[in-house]
Amino acid sequence: MLIATLSLTGLGLLAAIMLAIASKVFYVWEDPRIEQVEDALLGANCGGCGYAGCSAAAEAVVFGKAKPDVCIAGGFDIAQAVAAVMGMAVAEKEPEISQPGCRYGVQEADLKYSYIGVPDCRAAVLLYGGSKECVIGCLGLSTCVRACPFDALSMGEDNLPVVNKDRCTSCGVCAEVCPKDIITVTSAAKRILSDYKVNECTAPCQRTCPAEIDIPAYIRHISDGDYLEAVRVIKEKNPFPLVCGHLCPAPCETECRRNLVDEPVTINALKKFVAGYERETGQRALPNYLPPAAGKKIAVVGGGVEGLTASYYLRRLGYQPKIFEATGKLGGILRYVIDEERLPRDVLDWDIDGILEIGVAVETGKQMGKDFTLSSLFGAEFDMVLLTSGGWDSRQIMRGKVWGESMIPGTGLLLDILIGAAHGEKVDLAGNVVIVGGGKATVKAAEVCLNSGAEEVTIVYPYSKEKTDYYDIDLNVIKRGSVNIYYSSVPMELRGEADRLTGISIRTESGEVKDIPLDHLIVGSGRLPEMLIVKEEENKWKTVEIFKVLPREPDMGIFDVGEMGRSTDQTAVVTAVRRGRKVVRAVHLHVSGEEVAPEPGVIITAAALQDVREIVAETDALAYPRKNIDNLSNLTPEETLIEAGRCLDCGLICYKKHLDLPGLKQEKSST
Amino acid sequence: MEYIVLAINAILVKNILLAQYLGNCPFLGVSKKMDTAVGMGMAVVFVMTFATFITWFVHHYVLVTFGLEYLQTIVFIFVIAALVQLIEMFLKKLVPGLYKALGIFLPLITTNCAILGVAVLVIRKDFGFVESLFYALFSGAGFALALIIFAGIRERFRVSYIPKAFRDTAIALVTAGLIAMAFFGFQGIDSSLKALTMN
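Each protein sequence line maps, in turn, to chains A and B. Numbering-wise, this note's numbering puts 459 at position 459 of the first sequence, and it's gapless, one number per residue. All you need for this note's numbering is the position in the second sequence, starting with 1, plus 1000.
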């Protein structure tokens, strides 16, 4: 007994001493904050953050590899708790939510075969990409529902997943397991920043719309009688619903799939109706979520449609835009050029007020280059300057001499130089001059420059030497020793100091980037392109390339596509709206430190997509002819419901095969 | 030769999980995912070998010396628990990579019956020191094998239709039973193995 007690005690003592020593010898210091951060996290181990569980995420936060808002599922509250442990601040972010992107379940869609097998989408997709004809359709086998760690998903009767918005934490697990990328985690901010992609279900009208408005979605809201929500959907892509309702050439209607049977839905008239409803009732369709204005301060120069659109979306993403407009009133071409009968100015004011109401600051009657300059803007705490001023067409508004009061110091339009020379005006172009552009006018302009005191003229010519010959332009005529020509070269960046232009970087034919010092820049297009100018170090600034064109077209640097000014030539208000939103995407990417490049998989041409050639539908679905309407007249509420009911609610290849039109049943029973 | 027979015996014929039914808790608990099953399997191999190593000495040089064989169970549990703690600290400091891979599994199996079972078995079978070590190593390997096979099957459950009443533990137990029956087939080679060692 004694021996047993003693030997056990001895063993215990021995082990205790060993462990005590070991705990000193093998002591590893662990940051206590790891545990604190882990406690603050949700603890669901969903993996939505990209780390292997909450403890790995906590470690990443403490080691500075992840930000306090690493926990996507936890949202703002948890981000704040984590930030409190770390002694950091965290910006409020818009809540995101899962959104299934397929609207026609397997029983409604066209099928290739009927699938009987392992009930899981990941298994089903192995067999010719799933049973649906549509290559991007939901297979309806509940893989996402089972994967959801928060029980936020369920399967609807139509075999499509339904999101319980109260439970969804946007962790992204569903999006990850879906083999067809149908369910995505999205938010208004993400939709503002993105383009339609080939693996997204889009209707022909939606793809055609230059502003990329989700047309089927807003028509669905109209059918449901929720007019304000319809306006909200439109405003995710276009802050000028009422103006566009009056002016839009509506290319969407040309592509409407109902054209295959009778006449298109009067899409633009529907937009005009709901936007008019918003105005008449005075209930502004404000964004569901507006982040606090805590982002960078951005000066937007030019209060036309593009500048207003850009400011609107900058504000919706949490930036602090301020518009500087040279004339007394906002609106640009819309206010000063468009006929009042086509666009009553109170209509324009309503949409502009809607933009300013969400927190866009304005200063009118201030012209850049005269009343303020780049250096005064950067001195006034602006982080960047966005130029959306247009060019030649703004002469219609300004009616003045622009050279010498140019927005970008030392920069002018080639047209101004030539017209000035024709009128015998004297301009001082002493120093180095760079002319960007091609054609005979460039040659002429180079001559004018040399006559106006330029010491050296450099022509940056976007086309090859062969093309020069083709156009029968002999650039050698002006080769007087002080003229350099770079063929197949494009400008990549402008640099300056205070209010002086100092340098330009060009990408030459061989692909190398060459820096050329300069004093004057002459742009051979009718407009100055949109430009983003950022402050570098004290007193220095540079431009940021904000458009990267789609892979099919050559990258032309800061002046965008080959035919300079072509894409910035706003032929309709809706194209200026599109451009304004794209500029915001570029700004956002630049601020987030990412490369400004097109998203992978963006639709370049609709020809590459699946489509239908004929409509097979019940005769009911094709009842009611199109209301004969133009942009000047209005739909009545009853007509609106009927027109919205005419919409086939198209997806990529699906559409409604039978419709419930208002009044259809009564009419049928009475006959 | 002897050791090959011992290995076949420990891994297949007398599989610690499927023939001796020891360590069923982790067998059912961590077999839902392949990667955790692999981690657990490796941890068992590791701990089982070390535990047998130390308990063999404790038995022969402490318990037998003082005539305390009747305290075997309690002493073994105590020694294994202390040992695993020590190993854990050691790995954390010196082999952090291995600690990351096995970390959370080590304390889980501290007082597992399979570990204790093997430690006791080698004493009962009167194995020598080297033999004991090999037996523990192979038993651990057998455990890992069974666990990985089971996890491979259970991963497929996620995409198969299973009647509601059978889901989760019920179907797992049924499957475990079926695998055990399959392993029972190895009993047939037991006698021929014995014959081999006789020669």
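Quick reminder that beta carbons are idealized off the backbone N, C-alpha and C, glycines included.
- One thing to note: residue 1145 of chain B has its Cβ no nearer than 8 Å to the Cβ of residue 1031 of chain B.
- Below the 8 Å Cβ cutoff, chain B contributes no neighbours of residue 183 of chain A, its closest Cβ being approximately 18 Å away.
- Following the DSSP letters along the chain, one finds residue 284 of chain A in no beta strand (DSSP E), marked with neither H nor E.
- DSSP, read as helix, strand or coil, puts residue 372 of chain A in strand.
- Residue 197 of chain A sits away from residue 595 of chain A, with the two beta carbons spaced by 8 Å or more.
- Among the residues facing chain A, residue 1183 of chain B is not included, as its CB has no counterpart in that chain under 8 Å away.
- Residue 234 of chain A counts as buried, since at least 16 other C-beta atoms from the protein chains shown sit within 10 angstroms of its C-beta.
- For residue 29 of chain A, DSSP records no beta bridge to any residue.
- Interface residue (Cβ-Cβ distance to chain A less than 8 Å): residue 1089 of chain B is classified as such.
- Residue range 513–517 is occupied by the beta strand (DSSP E) that includes residue 515 of chain A.
- Inter-residue distance for residue 17 of chain A and residue 1083 of chain B is about 13 Å (C-alpha atoms, whole angstroms).
- Here DSSP, grouped into helix, strand and coil, assigns residue 459 of chain A to strand.
- By the C-beta criterion, the region 368–384 of chain A is judged to be in contact with the region 406–413 of chain A, since at least 3 inter-stretch pairs fall below 8 Å.
- With the rule of 3 Cβ pairs closer than 8 Å, the region 130–137 of chain A counts as touching the region 168–188 of chain A.
- Straight-line spacing of the CA atoms in residue 624 of chain A and residue 267 of chain A works out to 15 Å.
- By the Cβ test, the region 208–215 of chain A is not in contact with the region 85–105 of chain A, since fewer than three Cβ pairs between them sit closer than 8 Å.
- Listed along chain A, no residue sits closer than 9 Å to residue 1061 of chain B by beta-carbon distance, the nearest being about 11 Å off.
- Proximity of the region 280–294 of chain A to the region 650–657 of chain A falls short of the contact definition, fewer than three beta-carbon pairs being nearer than 8 Å.
- Residue pairing by DSSP leaves residue 159 of chain A without any beta bridge partner.
- Residues of the same chain with a CB within less than 7 Å of the CB of residue 1109 of chain B, apart from the 5 flanking positions on each side, are 1026, 1043, 1044, 1047 and 1115 in chain order.
- Within chain B, the C-beta atoms nearer than 7 Å to that of residue 28 of chain A come from 1092 and 1093, in chain order.
- Rounded to the nearest whole angstrom, the CA to CA distance from residue 11 of chain A to residue 67 of chain A is 49 Å.
- Contacts between residue 1031 of chain B and chain A, judged by CB atoms closer than 7 Å, are missing: the closest CB pair is about 18 Å apart.
- Under the rule that a run must span 4 or more residues, the alpha helix (DSSP H) segments found entirely inside the region 47–83 of chain A read 53–62.
- Under the rule that a run must span 4 or more residues, the alpha helix (DSSP H) segments found entirely inside the region 220–303 of chain A read 227–235, 241–247, 251–255 and 267–281.
- No Cβ-Cβ contact shorter than 8 Å links residue 559 of chain A with residue 513 of chain A.
- At the C-beta level, residue 8 of chain A and residue 1071 of chain B come within 8 Å of one another.
- Residues of chain B whose Cβ lies closer than 9 Å to the Cβ of residue 155 of chain A do not exist, since the nearest Cβ in that chain is about 15 Å away.
- Interface criterion met: the Cβ of residue 11 of chain A is under 8 Å from a Cβ in chain B.
- If you draw a straight line from the Cα of residue 591 of chain A to the Cα of residue 237 of chain A, it comes to about 21 Å.
- Within the region 102–122 of chain A, the residues whose Cβ lies closer than 7 Å to any Cβ of chain B are, in chain order, 118, 119 and 120.
- Close to residue 1066 of chain B, with beta-carbon spacing below 7 Å, are these residues of chain A in chain order: 3 and 7.
- For residue 493 of chain A, the pairing in a beta bridge is given by DSSP as A:505.
- Only exposed fits residue 632 of chain A, as fewer than 16 other CB atoms lie within 10 angstroms of its CB.
- Between the region 319–330 of chain A and the region 259–276 of chain A, the count of C-beta pairs closer than 8 Å stays below three; the two stretches do not touch.
- Interface annotation, residue 1021 of chain B: not in contact with chain A, CB-CB separation never under 8 Å.
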